[in-house]
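Quick note on numbering: UniProt numbering labels position 27 of the sequence shown as 27, and the sequence is numbered without any gaps.
Encoded as structure tokens, the structure appears first; notes follow it.
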Amino acid sequence: MAKVNISLDAELVVEVMVLAGVGSPQDAVEAVVRDYIARGHRTETRTEFKDRSLRETDARPQEPQG
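Below, the structure is given as structure tokens:
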């Protein structure tokens, strides 16, 4: 896998390390990024299911009104 080098504020990285309970800055930031991606995938899955059920509801023929 390709690697990327970035600069981050030291206080930010230390806070991530504490919150993640990880001793390595690299591992802490990687854990946060992986969690962010996983959360995005979970959100996509939930909204896809909800959108699908809404589309199925809209697709049903409605009784005439009026």
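All C-beta atoms, glycine included, are put in the ideal place defined by N, C-alpha and C.
The structure presented is a predicted model; accordingly, all values stated were derived computationally and were not measured.
Residue i vs residue j beta-carbon contact at 9 Å
| i | j | result |
| --- | --- | --- |
| V29 | L8 | yes |
| A31 | A20 | yes |
| P25 | V16 | yes |
Status (buried if at least 16 other CB within 10 Å, exposed otherwise) for residue i
| i | result |
| --- | --- |
| M1 | exposed |
Residue i - DSSP class collapsed to helix/strand/coil
| i | result |
| --- | --- |
| I37 | helix |
| L8 | coil |
| E63 | coil |
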